[in-house]
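Each remark here refers to the structure printed beneath this line.
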Amino acid sequence: MSKYYADDDIQLLANGAVNHLLRNAYMSITLRNGQQPKGIPLPIKRVHGEGHLTQEYRPLAVLEFVQEVVAKEAAQRVAAAKKADADAEAEEQATP
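Going by this note's numbering, the final residue of the sequence shown carries number 123, and the count climbs one at a time with no gaps.
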């Protein structure tokens, strides 16, 4: 069984969540240095008690977190592309 960390690559978290969902099992995720990334879901089951770094999460909640991260990254890429297009257009209009 793999060990998952809250700051792992988003694809690794997504794959782990799907695997746990198919096995109908909770997903254990460890917080590095006690740092909880913004938007990560609350644990469903506290296996080790309050304040411990490894907790159990619902796989579907982890997938929802993954979807939010992916949507935010996609929106940032679209905004950057629009800004680059606007800058290029402004530069074209500025040159005689």
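Just so you know, even glycine gets a beta-carbon here, dropped at the ideal spot from N, CA and C.
| said: If we require 3 or more residues per run, which beta strand (DSSP E) segments fall completely within the segment 31–116? | reply: The DSSP assignment places 54–57 and 81–84 as complete runs of the beta strand (DSSP E) inside the segment 31–116, in order along the chain (cut-off: 3 residues).
| request: Less than 8 Å between the CB atoms is what I'm expecting for V89 and L49, so what's the real figure, rounded? | output: In the sequence shown, counting from the first residue as 1, residue 89 sits at position 62. In the sequence shown, counting from the first residue as 1, residue 49 sits at position 22. Contact doesn't hold; Cβ gap of about 13 Å is too wide.
| Assuming I67 and Y53 make a contact with CB atoms under 8 Å, what is their CB distance in whole Å? | Your numbering for residue 67 matches position 40 in the sequence shown. Your numbering for residue 53 matches position 26 in the sequence shown. About 15 Å; that fails the 8 Å criterion.
| query | Taking the C-alpha atoms as reference points, what is the distance between Q120 and A108? | reply | The count along the sequence shown starts at 1 and reaches residue 120 at position 93. The count along the sequence shown starts at 1 and reaches residue 108 at position 81. Taking the straight line joining both Cα atoms gives about 18 Å.
| said: Given this structure, state the Cα-to-Cα distance separating Q38 from V96, to the nearest angstrom. | reply: As a first step, residue 38 must be located in the sequence shown, where it is residue number 11. As a first step, residue 96 must be located in the sequence shown, where it is residue number 69. Using only the alpha carbons, I get a separation of about 11 Å.
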